[in-house]
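A.B. asks: Once you've had a glance at the structure underneath, I'll fire off some questions.
Number of protein chains: 2
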Amino acid sequence: MTLCGYNSLWLLKMSTFVLGFGLVLFMFRSVYLHEEFSLHPVLPHPNPVLPRSNPAVQMPKLLPEERLRSLFSYDGIWLFPKNQCHCETKGQGYNFEGAYGQKDLPAVKARRQAEFAHFQRREGLPRPPPLLAPPNLPFGYPVHGVEVMPLHTVPIPGLQFDGPSAPNYKVTLTASLGTLNTLADLPDSVVRGRGQKQLTISTSDRKLLNFVLQHVTYTSTVYQHHRVDVVSLMSKSSIAKFPVTIRHPVIPKLYDPGPERKLRDLVTIATKTFLRPHKLMTMLRSVREYYPDLTVIVADDSKEPLKINDSHVEYYSMPFGKGWFAGRNLAISQVTTKYVLWVDDDFLFTNKTKIERLVDVLEKTELDVVGGSVLGNVFQFKLLLEQGENGDCIHRRSGSFQPLDGFPSCVVTSGVVNFFLAHTERLLRVGFDPRLQRVAHSEFFIDGLGSLFVGSCPDVIIGHQAHSPEVDLELAALEKTYSKYRANTNAQIQFKLALHYFKNHLQCST
Amino acid sequence: MTLCGYNSLWLLKMSTFVLGFGLVLFMFRSVYLHEEFSLHPVLPHPNPVLPRSNPAVQMPKLLPEERLRSLFSYDGIWLFPKNQCHCETKGQGYNFEGAYGQKDLPAVKARRQAEFAHFQRREGLPRPPPLLAPPNLPFGYPVHGVEVMPLHTVPIPGLQFDGPSAPNYKVTLTASLGTLNTLADLPDSVVRGRGQKQLTISTSDRKLLNFVLQHVTYTSTVYQHHRVDVVSLMSKSSIAKFPVTIRHPVIPKLYDPGPERKLRDLVTIATKTFLRPHKLMTMLRSVREYYPDLTVIVADDSKEPLKINDSHVEYYSMPFGKGWFAGRNLAISQVTTKYVLWVDDDFLFTNKTKIERLVDVLEKTELDVVGGSVLGNVFQFKLLLEQGENGDCIHRRSGSFQPLDGFPSCVVTSGVVNFFLAHTERLLRVGFDPRLQRVAHSEFFIDGLGSLFVGSCPDVIIGHQAHSPEVDLELAALEKTYSKYRANTNAQIQFKLALHYFKNHLQCST
């Protein structure tokens, strides 16, 4: 039989071929996407569900990549779903591997991997895959939030059995990093395994079973930090699993503001100076115009120590040229008040430099650091991190994330100017890396990622001493020497890129 | 009718009374225990299940207190169940409130409460109560472990519906700190609310429903640190709730050991000195016998600065008498290697002082700090914290928790001697509080609770310069001045107790 000149058998073969080819294409695409997904560190292994109906029926598919890009991007950076990050470095970005010589790179990579593995192990990373609950479990149990301090005991809330009736019930609880018990006062015929890793409840009385379950306790038996024990609850063939987090709370380090909340007991000013004693003294005089009794900590790595006649100045001498961030770290390490105000040695306090305003912001929000503005310049920038196997990708964009709750003229961001008030304890936890000896700024905020919550309030303004050529010959010579140290040489740039590669486990930046 | 001389009515009244009284007694006891439990901060409100049978049948009860004390104690300290902590301070312990004058105490308490509330708010404490899953939910979902970085997107694994068959299915997902979507490519008639806080799936095809659920995504929309969003999954009257943790990972701060792993690139020695230049120099000479090129950082708050002829010594001058812990904090703030070895200025290196051994321990375990022994003295002590509303109780006991995995001659403990190797980054996160100017030791380990994982290896031994009277008149005068500063005066003791009360939010110690 023929149809429009085509043999029906041929038609059949053709249709089957086309359909089959379409199926293969579709399978290939699903497999391709599946491959991408299964490489994603966070994703478990999803299997696209293919309906077992007539293959001629349209099978459900996933959104195409262009759609995903438009849905899951931030600031033009496509974030998800991807299993690797990379940087569009045309002109503006860096690939950090490039900071190392070709010969050295393989050895550096190996060392970096070893150090990273050590770090991961100590941080309890990577975290285990999520705990999944299958449907229709006959149990009630705590899904999230049970925490216990090492060696302590807690009750496990929410345990109950609501399965089908039976002449006898047998329920078993199992833990691995601790032991189980129950506060219910019942004989061993009902509860076996008290104080062991496995507790078994056997009874014909359903209400008794639930009474025991209601009072189950978990005791941590090993002294360790940040572990998660998975406890299982089993009856016949149903198993529920839930997490118990073993964690030691971080002890508070509070500062007493004193009965009068004097600014002197709340805030210390900190600064670092090098070969600019005249600018430092000008800055100090400007502080004293508005804040006569605030403690000022000065870290100095110049050749000769200074004598500063000010009973509220604490002066520290360092080895010559030890460095910019070493000096910053030294200065903040000496602060004994709740807050520390960082200023550069060439700033100038004015009547707009309201420290009280910055204190108010930190007292009322969850920020760790709040920056002001230097002569109108806020220098806010956002940092967005993408994780990747060969190191993370960091994207820097100017501006802010969102306004600050409660302070509409302020914003939340990642980096600010060198004029900021910070929680001393939080600042010390991050610190300034003494390996950064010369020009450095954003490195501090990158080191602070994940630790510091940063904001910016442009209405608190500090002045800046202008770069005017010195008349005094000695000072002019000093300034010339200083400028040499301030030049951001190529060697220094390479050093900082290499540091990002190794220290921060970064791949590239844009 | 009478029975043995008793009126049957009287008997009936009597039995009812006795039974009733017994019931009341039992109720009172349950209520009493219930009261105790419901005051416990961690416990939800358990209602003892009373069987609805004949009141003459025995009702289930909870274990008596003596039994609880024997089950849930550590080192003789009863830990659970309690809603308050207290210290048996006969002779050996302290109640920290006592360090304040009676007049000042109410104001101090109020200030401490305000500072603590500020701290809690910024740490995201107290955590919300545990999320409880009721039994027989027709859903599969992730119980624990879904994490997302702020502003990023993750897939939600494990979502599925396995309820009774129906002609039509409608499932709703709701989030509050982020938005929901699905990678499934389907029209709005099936999936509504893409990119919103509520996503609704409506279909008659059960497999399609599960395909959509399998590919649900969560996008964090606010830039914030450490929050937990509770996402709910609902169909008809069944609701499942599960947590999505919004957390920014802490960026690594790794140190490159260099291609040859020279000890000089791995370890820096740090020390603090005050009015003991002769002892310092003796200690330095002993270092150089065994380790000629390790960097030694010296923080000095003596009257006159020293000139030390050693190209690997970094010397820092501080304001006179600034203090012991201020100097310690300064010294460690200058370290540029992965590890820092703390030594006191009057120690003596010997052929048993094997730094390499301590490095090996830190490289292979999860310890942050490992102490050695000073002339055979290990000074190990455990710190056990109990939480309480009026401040925590801290219990100090000599000894260790358990042996160290992989190093059977070493142990895990809370505090060690002043001879230890530490991860620089971890040590800096805790730091030495510069408010502690004179005698102090355990305060550092208390500040480290929850942050530092500490161990001790007694086989690594350092010597100690004996206290022998100086022949040299100048040195003798110096030592006399020094001893005055080393006296642990009553005023200083009171200061330190007050500091524990306020800074660490402690109530008492034993």
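These protein sequences, in sequence, are chains X and E.
According to this note's numbering, the first sequence is numbered sequentially starting from 10.
According to this note's numbering, the second sequence is numbered sequentially starting from 10.
Beta carbons are placed, not taken as given, at the ideal position from N, Cα and C, and that holds for glycine.
Using a cut-off of 7 Å between C-beta atoms, extract the partners of X:GLY464 located in chain A.
C.D. replies: You won't find chain A in this structure, because its protein chains are X and E.
A.B. asks: For the beta strand (DSSP E) that contains X:VAL180, what are its first and last residues?
C.D. replies: First-last of the beta strand (DSSP E) with X:VAL180: 178 to 183.
A.B. asks: Can you look up X:HIS54 in the DSSP assignment and give me helix, strand or coil?
C.D. replies: With a pLDDT of only 37 at X:HIS54, under 50, the local geometry of the prediction cannot be trusted, and no value is derived from it.
A.B. asks: Should X:VAL425 and X:PRO412 be called a contact, given that it needs their Cβ atoms to be closer than 8 Å?
C.D. replies: Taking 8 Å as the Cβ cut-off, X:VAL425 and X:PRO412 do not qualify as a contacting pair.
A.B. asks: Between X:GLN111 and chain E, is any beta-carbon pair separated by less than 8 Å?
C.D. replies: So no, X:GLN111 is outside the interface.
A.B. asks: When you compare only the Cα positions, how much space is there between X:ARG130 and E:TYR264?
C.D. replies: If I take the Cα positions, the gap works out to 16 Å.
A.B. asks: Who are the neighbours of X:ASN190 on chain E, taking C-beta pairs under 7 Å?
C.D. replies: Correct list: LEU80.
A.B. asks: Roughly how many angstroms lie between the CA atoms of X:SER185 and E:CYS466, to the nearest whole one?
C.D. replies: So the two alpha carbons sit approximately 28 Å from each other.
A.B. asks: Please decide whether E:SER518 counts as near chain X, where near means a Cβ-Cβ distance under 8 Å.
C.D. replies: It does not: the Cβ of E:SER518 has no partner Cβ on chain X nearer than 8 Å.
A.B. asks: Under 8 Å, Cβ to Cβ, is there at least one residue of chain E near X:ASP197?
C.D. replies: Not one chain E Cβ lies under 8 Å of X:ASP197.
A.B. asks: Could you spell out where the beta strand (DSSP E) holding X:GLU97 opens and where it closes?
C.D. replies: Where X:GLU97 is concerned, there is no enclosing beta strand (DSSP E), given that its DSSP letter is neither H nor E.
A.B. asks: Which whole-angstrom value is the C-beta distance of E:LEU303 and E:ASP309, which I expect to be below 8 Å?
C.D. replies: Incorrect: roughly 19 Å between the Cβ atoms, too far for contact.
A.B. asks: Buried or exposed: which applies to E:TYR299, given that a residue is buried once 16 or more other Cβ atoms fall within 10 Å of its Cβ?
C.D. replies: It is exposed - the Cβ of E:TYR299 has fewer than 16 other Cβ atoms within 10 Å.
A.B. asks: Let me confirm a value: E:ASN497 is counted as buried when at least 16 other C-beta atoms fall within 10 Å, else exposed. Which label applies?
C.D. replies: Exposed is the call here.
A.B. asks: Who are the near neighbours of X:TYR494 in its chain, counting only those whose CB is closer than 8 Å to its CB and skipping five residues on each side?
C.D. replies: Cβ within range, chain order: PHE283, LEU284, GLY330, ARG447.
A.B. asks: Tell me E:THR280's beta-bridge partners as DSSP assigns them.
C.D. replies: E:VAL307.
A.B. asks: For chain X, check one thing: does any of its Cβ atoms lie closer than 8 Å to the Cβ of E:TYR178?
C.D. replies: Chain X contact via Cβ: absent.
A.B. asks: With distances taken Cα to Cα, identify the nearest neighbour of X:CYS96 among X:VAL379, X:HIS404, X:THR181, X:ARG435.
C.D. replies: Ranking the options by Cα distance to X:CYS96, first place goes to X:HIS404.
A.B. asks: Run down chain E in chain order and give the residues with a C-beta less than 7 Å from the C-beta of X:GLY149.
C.D. replies: Chain E residues near X:GLY149: LEU141, ALA142, PRO143, PRO144.
A.B. asks: Indicate the three-state DSSP secondary structure (helix, strand or coil) for X:ASP369 in the structure shown.
C.D. replies: Of the three classes helix, strand and coil, the one that applies to X:ASP369 here is helix, per DSSP.
A.B. asks: Mind checking X:GLU269: buried by the 16 CB within 10 Å criterion, or exposed?
C.D. replies: With fewer than 16 Cβ atoms within 10 Å of its Cβ, X:GLU269 is classed as exposed.
A.B. asks: Tell me which residues share the same chain as E:LEU275 and place their Cβ nearer than 7 Å to its Cβ, disregarding the 5 neighbours each side in the sequence.
C.D. replies: Here the set comprises PRO266, THR346, LYS347, TYR348, VAL368.
A.B. asks: Whole angstroms are fine: how far does the CA of E:TYR103 sit from the CA of X:TYR83?
C.D. replies: Approximately 54 Å between the Cα atoms of the pair.
A.B. asks: Under 8 Å, Cβ to Cβ, is there at least one residue of chain X near E:LYS262?
C.D. replies: Judged by the 8 Å Cβ criterion, E:LYS262 is in contact with chain X.
A.B. asks: May I ask which residues mark the beginning and end of the alpha helix (DSSP H) holding X:PHE89?
C.D. replies: Careful: X:PHE89 lies outside any alpha helix (DSSP H) and carries neither H nor E.
A.B. asks: Give every residue of the same chain whose Cβ lies closer than 8 Å to the Cβ of X:VAL58, excluding the five residues on either side of it in the sequence, and list them in chain order.
C.D. replies: Confidence at X:VAL58 is low in this model, with a pLDDT of 42, below 50, so the placement of that residue should be treated as unreliable; the coordinate-derived value is given next. Once the five neighbours on either side are set aside, the close Cβ partners of X:VAL58 are PRO69.
A.B. asks: Examine chain E for any beta-carbon lying closer than 8 Å to the beta-carbon of X:ALA335, and answer yes or no.
C.D. replies: Chain E contact via Cβ: present.
A.B. asks: Taking just the CA atoms, how far does X:ASP442 sit from E:CYS517?
C.D. replies: The straight-line gap from Cα to Cα measures roughly 37 Å.
A.B. asks: Could you spell out the range, first to last residue, of the alpha helix (DSSP H) harbouring E:MET327?
C.D. replies: Taken as a continuous stretch (DSSP letters only), E:MET327 belongs to no alpha helix (DSSP H), as it is neither H nor E.
A.B. asks: Quick check: is the beta carbon of E:ARG136 nearer than 8 Å to any beta carbon in chain X?
C.D. replies: Closer than 8 Å to some Cβ of chain X, the Cβ of E:ARG136 qualifies, so yes.
A.B. asks: Report, in whole angstroms, the separation of the C-beta atoms of X:ILE260 and E:ASP456, which I expect to be a contact under 8 Å.
C.D. replies: Going by Cβ atoms, the distance from X:ILE260 to E:ASP456 rounds to 6 Å, so yes, they are a contact pair.
A.B. asks: Assuming contact is defined by CB atoms lying nearer than 8 Å, are X:PHE388 and X:SER423 in contact in what I supplied?
C.D. replies: Cβ atoms of X:PHE388 and X:SER423: not closer than 8 Å.
A.B. asks: Taking X:HIS287 as part of the alpha helix (DSSP H), name the residues at either end of that continuous run.
C.D. replies: Looking at the DSSP string, the run of the alpha helix (DSSP H) that includes X:HIS287 is 286 to 299.
A.B. asks: Kindly indicate the opening and closing residues of the beta strand (DSSP E) around X:LEU393.
C.D. replies: 390 to 395 is the span of the beta strand (DSSP E), which, as asked, contains X:LEU393.
A.B. asks: Based on the DSSP secondary-structure assignment, which residues constitute the bridge partners of X:PHE416?
C.D. replies: Note: X:PHE416 sits in a beta bridge opposite X:LEU413.
A.B. asks: Going by C-alpha distance, which of X:THR188, X:LEU218, X:LYS206 is nearest X:VAL199?
C.D. replies: Here the closest residue by C-alpha is X:LEU218.
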